[in-house]
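Below is one structure, written out as structure tokens, with a few remarks after it.
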Amino acid sequence: MKAKFEEKLAQLAFGDLSPSDAKKLEIEAQSQQEARETLRLYREMRDGLRGMAEVPEDQFSKERLRDAILKQGLKPRPDRYASNRSWLWMPAVACALGFGLVYARHTILPKNVNPQIVMSKKSLMAPPLLAVHEPIRVADNTPSPANSFIGPIQSPLRKTRTFGYRHRPRHHLEPNEVSPNILAVKLDGDDLNPDFGGANSTIPTSPSASDVPPMVATAASTGPIVFIDQDKDEQTGAQKATEVGNASNVLVGG
Amino acid sequence: MGYDASLSGRMELDTDGALVKRARDGDYSAFEKLFDRHRTLVYRFAYQMTSRRDDAEDIVQEAFVRAYQNLHRYRDEAKFTTWLLRIVTNLCTDQARMSQRRSALEQQEAAGALDWMTSGETEDPVHNLEADRRSRALKKALNALPAHHKAVIVLRDIEEREYPDMAAILGCTVGGAKLRVLRARRALKERIAPLLGEERT
Amino acid sequence: MYWLAARLAIALMVGTVQADRLSPREKAVWNQVKPSVVTLFENDRPCGVAALIDDSGYFVAHSSGVSSAVPAGKSFGGKEVSFSVVSRDPLTQLVLLKATDWVSGTAKPFRIPNEEETDGGVILAVLPTGPIRAAYVSKHQPGVLKPSRRLVTLTEIRFEAPTQAVGGALILSESGELIGTLNATLDRPEGLTQNQTMNQNSLGQNQTARGPSIRIQNQILNAGPGEMTVAYAVGPEVVQHTLQGFLSSKHEAEYAMLGIFCTNAIGGGAYIQSVSPNSPAQKAGLRPGDILLSIGYNQIADQVAFATVMLQQKVGKKITLMIKRGRGSLLIDAVPSKSTE
Chain P
156 MKAKFEEKLA
166 QLAFGDLSPS
176 DAKKLEIEAQ
186 SQQEARETLR
196 LYREMRDGLR
206 GMAEVPEDQF
216 SKERLRDAIL
226 KQGLKPRPDR
236 YASNRSWLWM
246 PAVACALGFG
256 LVYARHTILP
266 KNVNPQIVMS
276 KKSLMAPPLL
286 AVHEPIRVAD
296 NTPSPANSFI
306 GPIQSPLRKT
316 RTFGYRHRPR
326 HHLEPNEVSP
336 NILAVKLDGD
346 DLNPDFGGAN
356 STIPTSPSAS
366 DVPPMVATAA
376 STGPIVFIDQ
386 DKDEQTGAQK
396 ATEVGNASNV
406 LVGG
Chain S
10 MGYDASLSGR
20 MELDTDGALV
30 KRARDGDYSA
40 FEKLFDRHRT
50 LVYRFAYQMT
60 SRRDDAEDIV
70 QEAFVRAYQN
80 LHRYRDEAKF
90 TTWLLRIVTN
100 LCTDQARMSQ
110 RRSALEQQEA
120 AGALDWMTSG
130 ETEDPVHNLE
140 ADRRSRALKK
150 ALNALPAHHK
160 AVIVLRDIEE
170 REYPDMAAIL
180 GCTVGGAKLR
190 VLRARRALKE
200 RIAPLLGEER
210 T
Chain W
111 MYWLAARLAI
121 ALMVGTVQAD
131 RLSPREKAVW
141 NQVKPSVVTL
151 FENDRPCGVA
161 ALIDDSGYFV
171 AHSSGVSSAV
181 PAGKSFGGKE
191 VSFSVVSRDP
201 LTQLVLLKAT
211 DWVSGTAKPF
221 RIPNEEETDG
231 GVILAVLPTG
241 PIRAAYVSKH
251 QPGVLKPSRR
261 LVTLTEIRFE
271 APTQAVGGAL
281 ILSESGELIG
291 TLNATLDRPE
301 GLTQNQTMNQ
311 NSLGQNQTAR
321 GPSIRIQNQI
331 LNAGPGEMTV
341 AYAVGPEVVQ
351 HTLQGFLSSK
361 HEAEYAMLGI
371 FCTNAIGGGA
381 YIQSVSPNSP
391 AQKAGLRPGD
401 ILLSIGYNQI
411 ADQVAFATVM
421 LQQKVGKKIT
431 LMIKRGRGSL
441 LIDAVPSKST
451 E
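So the sequence lines, in the order shown, correspond to chains P, S and W.
Going from the first sequence to our numbering is simple: count from 1 and add 155.
Going from the second sequence to our numbering is simple: count from 1 and add 9.
Going from the third sequence to our numbering is simple: count from 1 and add 110.
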């Protein structure tokens, strides 16, 4: 039997043909033994498959989903700025290299100084601190291939500067009473560091640290941070700003 | 007038798109509403693909976790259920590819048949025997199909999805979806024919 | 950006730039925006500058120039303008003023660019007496605003210190767009001149003037005709948010607050050091020691992410927080309230 004819028979059996085409093909098939047999087989298949539509009930709960989400957390999302402007790093790197070369030259030949290339360490602090993200609009507009769009998100990760800061917890805390706003409580110790109490203990790593890749590319920087006080500087009439070279112990409010 | 406006406002609040927006804006309970609404759809498909309740539940979990993690990628032009089924289809296909680890297909079928039998009707033992024989043959053939064929059969012939819907789920054209269905049915027929013959003899 | 500061310093040394002298292009920009700027007066003394941001007569100024509830002003064309204070934003210290009897179409309101659009270069700082030239050093300087301790980006500028007060000056881009207002100036430690402070800051604490380039820089900066002032303005993104709030129907800038103070947590997240009493965070059940992993649909990798995400939240809009407490994880719903400081 020709493949094309068999395709038609399958379409007839599964009801994918128009009524007029179906009627014509039905008559044609009845006159051939092999076609009749094939059509019968396809119809049996169709009935059998439709009969499989019944499934046992699931026992999946919201709590299980919450646990899974808490355990896996949110995956990193590409920064729209970083992704759109990754090419901008190339000239920056080129400039940095150029600077390095020129600086080296000046170190070797101290008399040929060109004041225009004098730079401070500060000017090399490239990454923006607070690239504002709009998560909803991160997705690109091109349709993604069926098998690739749910995979783990690759680079570029959001580049956010951190302060390379380590600290220890001040007090031991137990989860006691549960607030009415608390939706789920998960207490399984296997994915966490054992100790969260003594003076020498460290803060347990988040599950995301071990289970999923970190969301932010941590470009550890010791760049200065500026504190702006409410007090006025009498000479300038502006608020007082003080610069702290080491960003440790910086408390951020919100 | 005010009543109508508030009613339509409420309905607006409850659409999938509105719930996705709320979830993206940080309200997790909106995502749980989406979960409540579509969990059966996801579970049904996963069950048909895996034939095991526990595997299907694992896929439901993974599908919703991934949906949550990728919610920012969902675009309103696609139906949320289509998007969700796309995730599940990919998950099931991947899982089937990886299930070499459970290469004992018989074990899977046996468990599937057990689930099936426990949930099936038991009034007429003779009828059930015949139905079960065919069902087992069909299941065996279906399980032996490559995952991409199986997914197509489940979507079209078990879950009875329309072609445009399937095209969106599979990420192809409507014509492409029809072609995939034809190929999958043919592959299934080629597998079931000898099985039915065996059963008959 | 930094070389611009160096270039400006060199220019100062050779005397080609005077703070009160502008290039023809800068003069053209200033003449273009001048009708939209009003000098504020207190007891007949100039104390601040206001910029028109809406055709209906809404102006914005820094709070340092607005101590009275009904400030008086004068345009650079000599026309007197009286104002009423509509709203004050404690975070940016910006004040929304409404000019009484303002005739629509009198001047063109300032355009407020976002961070992406501000390219840097030579800019203008508009003082009550007029504009001076300033150098744009950085638009990504991290800064913590007290007392709220919000972490924001600051625009850092430098200019030759003028004789009058600079606090609250309008900061304009080289194309005449409003970037913000001058919030703060770098405080000089005891016994150091501004020049020395700047050198120390720009070279880093552990670096002494060893290399020839650095020596040259020291010579340039110390030999200039006037002292250099290092100043900061709250970054354009935050200013934009505030001005959008000012021009909304409520005429108010709102910043959402949970009432927590965080540092970086090892392994990711923001470690909650303290929770303010009666704050939304306390009401929701957050405690010191909790590690914040996500706010709403945003993962929190560190305190910077926490600060960024909090600036995007809306007052009164419920968000789900994912936190780690001890060995467990929790989802907690919280409703941010309006920040009052």
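C-beta: ideal position from N, C-alpha, C; glycine also.
field: Within 8 Å, strictly: CB atoms of threonine 352/W and glutamine 413/W
entry: No, Cβ-Cβ distance for threonine 352/W and glutamine 413/W is not below 8 Å.
Cutoff 8 Å: phenylalanine 89/S Cβ touching any chain P Cβ: Look at phenylalanine 89/S: its C-beta is not under 8 Å from any C-beta on chain P.
query: With 16 other CB atoms within 10 Å as the buried threshold, where does asparagine 141/W fall?
result: exposed
- request: Express the C-alpha separation of valine 195/W and valine 180/W in angstroms, rounding to a whole number.
  value: 6 Å
- prompt: Which class does serine 192/W belong to by DSSP, given the choice of helix, strand or coil?
  reply: In the structure shown, serine 192/W sits in a strand (DSSP, three-state: E or B).
query: Going by Cα to Cα distance, which pick from Asn408/W, Leu421/W, Lys434/W is closest to aspartate 36/S?
result: Asn408/W
task: May I ask whether a heavy atom of the ligand SAH can be found less than 7 Å away from the beta carbon of proline 390/W?
output: Inclusion of the ligand SAH in the displayed structure is not the case, the ligand content being empty and no account of it being possible.
task: Starting from threonine 430/W, find everything on chain S with Cβ-Cβ shorter than 7 Å and list it in chain order.
output: Here the neighbours are Gly35, Asp36, Tyr37.
message: Here's a check: name, in chain order, each residue in its chain whose Cβ is nearer than 7 Å to the Cβ of threonine 450/W, leaving out the five neighbours to either side.
response: Pro200
task: Could you tell me the distance, in whole angstroms, from the CA atom of isoleucine 401/W to the CA atom of valine 419/W?
output: 15 Å
query: Three-state secondary structure (DSSP) at histidine 81/S?
result: helix
- prompt: Between which two residues does the alpha helix (DSSP H) carrying glycine 206/P extend?
  reply: 188 to 206
query: Between the segment 153 to 165 of chain S and the segment 67 to 84 of chain S, do three or more beta carbon pairs fall short of 8 Å?
result: no
message: Can you give me the C-alpha to C-alpha distance between arginine 106/S and alanine 156/S, rounded to a whole angstrom?
response: 7 Å
- request: Look at the alpha carbon of valine 213/W and the alpha carbon of lysine 360/W, and state the distance between them as a whole number of angstroms.
  value: 22 Å
field: valine 139/W vs serine 248/W beta-carbon contact at 8 Å
entry: no
- prompt: Could you check where the alpha helix (DSSP H) with phenylalanine 186/W kicks off and where it finishes?
  reply: It is not in any alpha helix (DSSP H) - phenylalanine 186/W carries neither H nor E in the DSSP assignment.
DSSP bridge partner residues for tyrosine 246/W (one or two, in chain order): Ile267/W
field: Beta-carbon gap between leucine 296/W and alanine 223/P smaller than 8 Å
entry: no
query: Using a Cβ-Cβ distance under 8 Å, would glycine 206/P count as near chain S?
result: yes
message: For a quick check, are the C-beta atoms of isoleucine 167/S and alanine 208/P less than 8 Å apart?
response: yes
query: With DSSP run on the structure shown, which of helix, strand or coil describes asparagine 267/P?
result: In this predicted model, asparagine 267/P has a pLDDT of only 37, less than 50, meaning its place in the structure is not dependable; the value taken from the coordinates is given anyway. Residue state, collapsed to three classes: coil.
message: Comparing C-alpha positions only, which one of Leu204/S, Val183/S, Cys181/S, Leu100/S sits nearest to alanine 211/S?
response: This structure cannot speak to residue 211/S, because chain S is shown only from 10 to 210.
query: Can you name the residues that DSSP bridges to isoleucine 382/W?
result: Cys372/W
- prompt: In terms of residues, what are the limits of the alpha helix (DSSP H) holding isoleucine 429/W?
  reply: Here isoleucine 429/W belongs to no alpha helix (DSSP H); instead the beta strand (DSSP E) covers 429 to 435.
message: Is arginine 195/P close to chain S? Criterion is C-beta to C-beta, closer than 8 Å.
response: no
- request: Indicate whether valine 381/P and tyrosine 246/W have their beta-carbon atoms separated by less than 8 Å.
  value: no
task: Any chance you could list the alpha helix (DSSP H) runs of at least 4 consecutive residues sitting entirely within the segment 123 to 185 of chain W, in chain order?
output: 134 to 143
query: Of all Cβ atoms in chain W, is any one closer than 8 Å to the Cβ of leucine 225/P?
result: Taking Cβ atoms only, chain W reaches closer than 8 Å to leucine 225/P, which makes this a yes.
query: Which residues, in order along the segment 388 to 410 of chain W, keep a beta-carbon less than 7 Å from a beta-carbon of chain S?
result: Ile405, Gly406, Tyr407
- request: Kindly indicate if chain P contains any beta-carbon less than 8 Å away from that of leucine 441/W.
  value: By this cut-off, leucine 441/W is an interface position.
query: Going along chain W, which residues have a C-beta under 7 Å from aspartate 388/P?
result: Thr295, Asp297
- prompt: How would you label glycine 188/W, buried or exposed, when you count the other beta carbons within 10 angstroms and need 16 or more for buried?
  reply: exposed
field: Contact set for glycine 436/W: own chain, Cβ-Cβ below 6 Å, skip 5 residues either direction
entry: none
- prompt: Under 8 Å, do leucine 180/P and leucine 167/P count as touching if we go by C-beta distance?
  reply: yes
message: By the three-class DSSP mapping on this structure, what secondary structure does leucine 164/P have?
response: In this structure, leucine 164/P counts as helix in the three-state DSSP scheme.
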